[in-house]
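The structure under discussion appears below in the form of structure tokens.
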Amino acid sequence: MKNQLNNQNIPHVVIVGGGFGGLRAAKRLAKAPVRITLLDRNNYHLFQPLLYQVATAGVSPTDVAYPLRSIFRKQKNLEFRLAEVAGIDLDRRTLNTTNGRLEYDQLILAVGGETNYFGMESLSANSFGLKGLDDASRIRDHLLHLFEQAALVSDPQARQALLTIVVAGGGPTGVELAGAISELIRLVLAKDFPNQDFSQARVLLLEATDRLLAMLPTGLGEATVKALKKKKVEVRFGATVDSYEGQVVKLRGGEIIPTHTLIWAAGIRSAAMVDSLGLPQAAQKRIKVEPTLQVSGHPEVYVIGDAAYLEDENKAPLGMVAPVAMQQGEHAADNIVRKLRGEAQTAFQYHDPGVMATIGRNQAVAWLGPLQLQGFFAWLAWLVVHILQLIGFRNRLLVLINWAWDYFFYDRAVRLITGSGKKQPRPKLERGQLQKP
Ligand SMILES: Cc1cc2nc3c(=O)[nH]c(=O)nc-3n(C[C@H](O)[C@H](O)[C@H](O)COP(=O)(O)OP(=O)(O)OC[C@H]3O[C@@H](n4cnc5c(N)ncnc54)[C@H](O)[C@@H]3O)c2cc1C
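My numbering puts the first residue of the sequence shown at -1, with every later residue one more than the last.
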């Protein structure tokens, strides 16, 4: 093994990012005559679709992440390095990383995306994003802490602000979060605080347009609104957030909503490090790639997944979703192998496996080819797909046990305030607002 990794005559493929795309690319190259260095700033692969469950105390952070070294333990031609890439010298084919410089012959850039606040500083400073494990733990801590504080407060206005949770963005993440937070409050926290009346708690889902889950057929979007309303989520259309300084959400048009919680699920863009590369960018600042996934003028550089911008045959941009990243990872790897064999590069073609989103207990929507599902069967399909896609038997088993427990006992296993996420200032209460013991 060492021989292959140290042999400078074997082409060196560097993959930046061990997410959905990078992982697939690395695995696809397992038998190729190349030496691979996989770089990530984290030592784990993260299953982002279940982050909202970490944020709402359903599963533990360790259940949705898996160590990259463990995944690639048996892959002889791959070496993992924990390092953050700060910049790339495309002409010299060199990466600047937090752990030194690294040269490559072929590069697969799979750095993913990050929350997009569209330059609104009050939002980036005061709202919660949901992109990494820290974000999810921070939201969980914050939500649980709010209810502990609400239990101590008698002032009705202060209490209402604590018990008002605002989620912005009617895409899958916003819908899943809003549904899960409402269930956490009404099915679980209501039991944990038997002497408290949390009926005034509000979960608002704000959407700037006039529909939820815009990528789904209108009927499924409408079914989602109905299901959320049944779960006591207030869905507001045409609601655009203007600013949030930590106390009140200000909407365009002047309305204000007093709250200590704004979760921002209304924007995503490519990872900001790609801005420094000087490459052409398109919507969501994603790097424009050729149909072969190469960058124009740099045929040795492939960009995939959320960081890449490519249109389908109808000129619609491919979505920032896991199946696109995974299929592109495999395609980029195949194109590198073709290049080494002296064969022509081929164009990427996306095979859409369908879209699904869960709204909570027994409720989901799914669009799978000709099939449009909603309700219980869509929810079952969602459960199966997500369990199967998790990496590692242990994680699958733990998540399954947690879900079964929650389902039968109306519980959430991970209701812990651990302070493990990044620090977020907790709402400060005035003396007069506290209940007398
Ligand atoms: C909350 C949430 C829910 C989602 N739900 C779904 C869903 O249900 N279905 C679905 O299909 N998609 C979903 N997505 C989208 C999906 O997760 C992404 O489309 C997918 O992860 C993109 O894969 P990627 O490989 O491009 O990037 P990622 O999977 O994000 O991986 C990027 C990797 O690059 C690393 N990295 C980034 N910058 C650097 C750097 N400078 N140096 C070193 N390493 C770096 C990161 O640590 C990460 O490991 C969801 C996303 C989120 C945030």
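Ideal placement from N, C-alpha and C gives every residue a C-beta, glycine not left out.
Treat the numbers as computed from the prediction; the structure is a model and nothing was measured.
Practice task
Note down, in chain order, each residue of its chain lying with its Cβ closer than 8 Å to the Cβ of ARG67, except the 5 sequence neighbours on either side.
Solution key: ASN41 and PHE78
Exercise for the section: Reducing DSSP to helix, strand and coil, say where GLN292 ends up. Expected result: strand
Exercise for the section: Pick out whichever of LEU210, ARG138, LEU37 and SER152 has its Cα sitting closest to the Cα of ILE183. Expected result: ARG138
Exercise for the section: Could you name the residues of the same chain whose beta carbon sits closer than 6 Å to that of GLN292, not counting the 5 residues immediately before and after it, in chain order? Expected result: TYR300
Practice task
Please check the pair GLU111 and ALA305, which I expect to be a contact at CB under 8 Å, by giving their CB distance rounded to whole angstroms.
Solution key: Reading the sequence as shown, one finds Gly at residue 111 and not Glu. So it is a contact: roughly 7 Å between Cβ atoms.
Problem - 6 Å CB neighbourhood of LEU93 in its chain, flanking five on each side removed - result: VAL83, ILE86 and LEU100
Handout entry: Uninterrupted beta strand (DSSP E) stretches inside the region 356 to 398 (no shorter than 3 residues)
Key = 361 to 366 and 369 to 372
Handout entry: Paired residues, beta bridge with GLU205 - DSSP
Key = PHE235
Exercise for the section: Could you tell me which uninterrupted alpha helix (DSSP H) segments, each at least 4 residues in length, are contained entirely in the region 77 to 125, listed from first to last along the chain? Expected result: 119 to 124
Exercise for the section: Tell me whether PHE375 is buried or exposed, calling it buried when 16 or more other Cβ atoms sit within 10 Å of its Cβ. Expected result: exposed
Practice task
Mind checking which residues open and close the alpha helix (DSSP H) that includes ALA305?
Solution key: Where ALA305 is concerned, there is no enclosing alpha helix (DSSP H), given that its DSSP letter is neither H nor E.
Practice task
Using alpha carbons as the reference points, say which of LEU80, ASP103 and GLY244 lies closest to THR96.
Solution key: LEU80
Handout entry: Beta-carbon separation (whole angstroms), GLY367 vs GLY390, contact threshold 8 Å
Key = Incorrect: roughly 29 Å between the Cβ atoms, too far for contact.
Practice task
Alpha carbon to alpha carbon, how far is GLN73 from GLU382? Give it in angstroms, no decimals.
Solution key: The displayed chain sequence assigns Val, not Glu, to residue 382. Distance between the alpha carbons of VAL382 and GLN73: 28 Å.
Exercise for the section: Out of ALA221, THR257 and ARG339, state which residue places its alpha-carbon closest to the alpha-carbon of GLY373. Expected result: ALA221
Practice task
Using three-state DSSP, classify LEU316 as helix, strand or coil.
Solution key: coil
Exercise for the section: Kindly examine ligand 2 and report whether one of its heavy atoms sits closer than 7 Å to the Cβ of LYS129. Expected result: Ligands in the displayed structure: ligand 1; ligand 2 is not one of them.
Exercise for the section: Grab me the residues of ILE415's own chain with a C-beta within less than 7 Å of its C-beta, minus the 5 sequence neighbours each way, in chain order. Expected result: ASP139, LEU142 and HIS143
Handout entry: Exposure label - SER294; buried when at least 16 CB within 10 Å
Key = exposed
Problem - Whole-Å CB distance - ASN114 paired with ILE266, under 8 Å assumed - result: 5 Å
Problem - CA nearest to the CA of GLN46, picked from PRO9, ALA134, PHE346 and ASN7 - result: ALA134
Problem - Residues bridged to ASP38 (per DSSP) - result: LEU80
Problem - Alpha-carbon to alpha-carbon, VAL322 and GLN25 - result: Correcting the residue identity first, residue 25 is Lys in this sequence and not Gln. In a straight line, the C-alpha of LYS25 is about 16 Å away from that of VAL322.
Exercise for the section: Pull up the CB-CB distance for VAL12 and LEU105, whole angstroms please, since I reckon it's below 8 Å. Expected result: 5 Å
Exercise for the section: Closer than 6 Å by C-beta to VAL233: which residues in its own chain qualify, once you throw out the five before and the five after it? Chain order, please. Expected result: LEU203, VAL223 and LEU226
Practice task
Please indicate yes or no: does the CB of ARG171 lie closer than 7 Å to some heavy atom of ligand 1?
Solution key: Checking the sequence shown, residue 171 turns out to be Thr, not Arg. Checking the Cβ of THR171 against ligand 1 gives yes.
Problem - Continuous alpha helix (DSSP H) stretch holding PRO65: start and end - result: Run containing PRO65: none in the alpha helix (DSSP H); it sits in the beta strand (DSSP E), 63 to 65.
Practice task
Could you pull the start and end residues of the alpha helix (DSSP H) that LYS248 belongs to?
Solution key: Counting along the chain, LYS248 falls outside any alpha helix (DSSP H), though it belongs to the beta strand (DSSP E) covering 246 to 249.
Handout entry: Option in ASP38, GLN51 and ASN5 with minimal Cα separation from ASP404
Key = GLN51
Problem - Among PRO9, LYS129, LEU398 and ILE357, nearest to TRP262 - alpha-carbon criterion - result: LYS129
Exercise for the section: Let me know the secondary structure DSSP gives TYR408 once reduced to three states. Expected result: coil
Handout entry: Beta-carbon proximity check, ASN400 vs GLY56, cutoff 8 Å
Key = yes
Practice task
Name the residue from PHE235, GLY15, PRO256 and ARG359 whose alpha carbon lies nearest to the alpha carbon of SER180.
Solution key: ARG359
Problem - Cut-off 6 Å between Cβ atoms - residues of its own chain near GLY244, not counting five sequence neighbours on either side - result: ASN124
Problem - Secondary structure of THR222, DSSP reduced to three states - result: helix
Handout entry: Inter-residue spacing [alpha-carbon to alpha-carbon] between LEU27 and LEU211
Key = 35 Å
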